[in-house]
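Residue numbers (the numbering used here), protein chains in the order written: chain A, 1058 to 1389; chain B, 29 to 366.
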Amino acid sequence: MDKRQIVRGFAGLARVLLLILGVSFAAFFLLAVSPIDPLQSNVGQAALGSMSQEQIDKLREYWGMNTPMAVRFWNWAWDFIRGDMGVSLLYRRPVAEVLLEKTANSLWMMAAAWVLSGVIGFALGVWAGANRGKWQDKLVTGYSLLMASTPAFFLALVLLMVFSVWLKVLPVGFAVPVGTAAADVTLADRLVHGILPAAALSLTGISNIALQTREKMAEVMESDYVLFAQARGEKKWTMIRRHGLRNIALPAMTLQFASVSEIFGGSVLVEQVFSYPGLGQAAVDAGLGSDVPLLLGITVVSAVIVFGGNALADFLYGIIDPRIRKGRERGR
Amino acid sequence: MEKQILLQVEGLSISFAQYTKGLRRRNLQVIRDLGLTVRSGEITAVVGSSGSGKSLLAHGILGLLPYNASMSGEILYKGQELTGRLLENVRGREIVLVPQSVSYLDPLMKVGNQVRKGRKTAGALERCRELLARYGLPPDTESRYPFELSGGMIRRVLISTALMEEPELVIADEPTPGLDLTAAKRVMGHFREIADEGTGVLLITHDLELALEVADRIAVFYAGTTLEEMEASAFQREETLLHPYSQALYRAMPQHGFQPLAGTQPYAGDSYEGCVFAPRCPYRGEECSIQEIPYREVRGRKVRCIRPELAEMSGSPGKMDRSPDAENLALTERGRMA
Ligand SMILES: Nc1ncnc2c1ncn2[C@@H]1O[C@H](COP(=O)(O)OP(=O)(O)O)[C@@H](O)[C@H]1O
Ligand SMILES: [Mg+2]
């Protein structure tokens, strides 16, 4: 580690912090201008009607409606910096605790979708690109374009219809069986409940990586160095293995890490369809219910995950690509 | 004694199917009726300017044309048609390519691995080291990536790849651009060595002077076809050259007055009637732009000219200020005298 690297590291960290600040402020601002009345949406019109002014004032105080937005944001940010994420207004529990639980539910589902879409998409892309213009290519491209134009929630609905309603092989929703005590929930239960949401997420996620990989692979197959490999008597699959994979792995990796944000965005909708109590659903609840501390907590967690994915891609790229790695080594 | 003929190309044509505006299909003919011969232990240099289809010729011989290209004509390797099975068996083993530039190396693979074609046997490792040493490359070249090497080093790496096998025919595509004169001469010397070991070399280049230093035979390449094939020694005197373009090349050499020929080569795919060189030819007659000009045997060599006698008789007086017209006039006068 030399000085320059340390400086670069700090600059990166500062950038991430600034971005998190910006993103959370944006979320806060959107909530502030949203027309949703926290009391109406959380307490209900009828209940409010039967309350005394004093009670209503108390509620207004609880939902922070008497404090100016700027002050509330400042209070939240100040607490957050000191490690206190506040208390969720909806769940009446510390935000950190709620986040931990929801993240645990979502994370493995998103991770499964991420890995599956990455691996399958990559394999399909290689297959299509190596057979550019042939039926394999048309099949993969056709599938990808179809999926890319299908919203994740729609696909989720279709899956739900087929597997849960018609075939009745998988549960309709939730993360655990309905009516089972928390202690009795097995890992198998959790897995079975995660299959459809994960499938819906990965099926749409595949198309992006497959299309990109196909493009890169076709490019490589038309490159001078593959022509030369052919001139030296290398067979098609040897070339794909020796030159193809080597040259498309890096761009595919970058794309895959960048796709974390898409998986995340897709999960919000998919969790909604499957009533899956994860981070995405909590985000929707917090937004509609004006649960400012929870929403901001979720915002920060998602920002960290997304930025983390991109930063990791950059980092790995620098380590793996010899052109960048050696350039840096020489720069010392 | 004549050496054994290794590669014989006759009537080779390569064209591309292209779709123009309105989805009309047209054929872009880049190589037309090309012929040449390579003998074992000899260098045949194909000399022509860039963009005229020389790389395409190299790739065509190896059967590596893009999907939208079609090829016709005859390519004989040791007397057998070089297609299908035979081609698959000899490509990369008996017939090797030394490609044109660094882009033919995998940018993400270490040089040693590429030279060895991935083989890790003791024999391959040893041979690779030997070759790198033979071409004056430091031993750590093996573990470097292409982008870390200079142009001259890349050339030598590319030559090394050819000699990993025991080739009978080496096809070298433009091995000298980007090198200074000393380095270029050294690279040419490497090909001379390879030929002297009994291998046939097809040396594709745009540099006539460098080619003349090492080649046994020259094939004059113009707008996708060969105009004349001769012993390299024929270039010692203008009178021994039969085709007017060969003579023009001779006169364009620095030591012979550096007189460039007016006009430019037709682009690849330009259509023409009769002789492709006629528009620039000082000796052209009416018949030149009417009939197809055959590539025929004249005095023991192939020439694509229907009136080589005229060109031969011109016997360059070496005037510096001859315009093509003046040349033509002088010629007719001399013709009358005869
Ligand atoms: N894939 C292709 N499609 C259409 N035309 C091509 C293609 N490849 C090469 N050509 C044509 O062939 C010509 C000759 O190219 P090339 O063999 O690289 O020339 P050289 O090696 O003599 O510089 C080019 O000018 C181009 O017009
Ligand atoms: Mg070329």
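Beta carbons are placed, not taken as given, at the ideal position from N, Cα and C, and that holds for glycine.
Practice problem: List the residues that DSSP assigns as beta-bridge partners of B/Phe447. | Solution: A question about residue 447 of chain B goes unanswered here, because the residues of chain B that appear run from 29 up to 366.
Quiz item: So is the beta-carbon of B/Glu202 under 8 Å away from any non-hydrogen atom of ligand 2?
Solution: yes
Quiz item: Counting contacts by CB-CB distance shorter than 9 Å, is B/Gly346 in contact with chain A?
Solution: Because the pLDDT at B/Gly346 is just 40, under 50, the model does not fix this residue reliably, and the point stays unresolved.
Quiz item: Who are B/Met99's beta bridge partners in DSSP?
Solution: B/Ile42
Quiz prompt | 9 Å Cβ cutoff, A/His1300 in contact with chain B | solution = yes
Quiz item: Heavy atom of ligand 2 less than 8 Å from the Cβ of B/Lys138, yes or no?
Solution: no
Exercise. On a CA-only basis, which of A/Ala1286, A/Phe1314, A/Ala1257 and A/Ala1306 is nearest A/Thr1207? Give me that one, please.
Key: A/Ala1257
Quiz item: Among residues of its own chain, excluding the 5 on either side of B/Val326, which ones have a beta-carbon nearer than 7 Å to its beta-carbon?
Solution: Leu270 and Pro336
Quiz item: In chain order, what residues of the same chain have a beta carbon less than 7 Å from the beta carbon of B/Leu64, not counting five sequence neighbours either side?
Solution: Val37, Thr72, Val74, Ala247, Thr254 and Glu257
Practice problem: Just mark A/Asp1114 as buried or exposed, buried being the case when its beta carbon has 16 or more other beta carbons within 10 Å. | Solution: exposed
Quiz item: Does any CB atom of chain B fall closer than 9 Å to the CB of A/Leu1307?
Solution: yes
Quiz item: Using a C-beta to C-beta distance shorter than 9 Å, which residues of chain D count as neighbours of B/Pro195?
Solution: No chain D is part of this structure, whose protein chains are labelled A and B.
Self-check item: Residues of its chain near B/Gln108, where Cβ-Cβ distance is below 7 Å and the 5 sequence neighbours each way are ignored
Solution: Leu114
Quiz item: So does A/Leu1214 have its beta carbon nearer than 8 Å to some heavy atom of ligand 4?
Solution: In the structure shown, ligand 4 is absent; the only ligands present are ligand 1 and ligand 2.
Quiz prompt | Every unbroken alpha helix (DSSP H) inside the region 1151 to 1227 of chain A [4 residues or more] | solution = 1152 to 1187, 1192 to 1205 and 1209 to 1216
Exercise. Please list the segments of the alpha helix (DSSP H) lying wholly inside the region 69 to 130 of chain B, counting only runs of 4 or more residues, in order along the chain.
Key: 82 to 89 and 112 to 118
Self-check item: B/Gly63 - DSSP class collapsed to helix/strand/coil
Solution: strand
Quiz item: What residue does the beta strand (DSSP E) around B/Ala200 start on, and which one ends it?
Solution: Leu197 to Asp201
Quiz item: So which residues on chain B does A/Gln1287 lean against when the C-beta distance must stay under 7 Å?
Solution: Leu92
Practice problem: Decide if A/Ala1068 is buried, meaning its Cβ has at least 16 other Cβ atoms within 10 Å, or exposed. | Solution: exposed
Self-check item: Proximal chain A residues relative to B/Lys82, where beta-carbon distance stays under 7 Å
Solution: Here the premise fails: no neighbours, minimum Cβ distance about 15 Å.
Practice problem: Over the uninterrupted alpha helix (DSSP H) stretch that includes B/Ile370, give me the two end residues. | Solution: Past the edges of chain B, shown from 29 to 366, lies residue 370 of chain B, and the structure says nothing about it.
Self-check item: Range of the contiguous alpha helix (DSSP H) that encloses A/Gly1346
Solution: Note, A/Gly1346: premise wrong, no alpha helix (DSSP H); not H, not E.
Quiz item: Does any CB atom of chain A fall closer than 9 Å to the CB of B/Lys148?
Solution: no
Quiz item: Which residues in the same chain as B/Val118 place their Cβ atom closer than 6 Å to its Cβ, once the five residues preceding and following it in sequence are excluded?
Solution: none
Quiz item: According to DSSP, what are the bridge partners of B/Leu47?
Solution: As written in the sequence, residue 47 of chain B is Tyr, which differs from the Leu given in the question. According to DSSP, which records beta bridges pairwise, B/Tyr47 is partnered with B/Arg53.
Quiz item: For the region 1256 to 1282 of chain A, which residues have a beta carbon sitting closer than 7 Å to at least one beta carbon of chain B?
Solution: Asp1281 and Tyr1282
Quiz item: If you pair each beta-carbon of the region 1360 to 1374 of chain A with each one of the region 1304 to 1313 of chain A, do three or more pairs fall below 8 Å?
Solution: yes
Practice problem: Name, in chain order, the residues that DSSP records as bridge partners for B/Lys330. | Solution: B/Glu325
Practice problem: Tell me whether B/Glu259 sits in a helix, a strand or coil according to DSSP, three-state version. | Solution: strand
Quiz item: Looking at B/Ile232 and ligand 2, is the gap between the Cβ and the nearest heavy atom below 8 Å?
Solution: yes
Quiz item: Taking 9 Å as the CB-CB cut-off, is B/His218 touching chain A?
Solution: no
Quiz item: Relative to the C-alpha of B/His218, which residue among B/Ala243, B/Pro307 and B/Leu177 is closest?
Solution: B/Ala243
Quiz item: Helix, strand or coil for B/Gln36 per DSSP?
Solution: strand
Quiz prompt | Span separating the alpha-carbon of A/Ala1083 from that of A/Val1197 | solution = 39 Å
Quiz prompt | Alpha-carbon to alpha-carbon, B/Tyr173 and A/Pro1379 | solution = 8 Å
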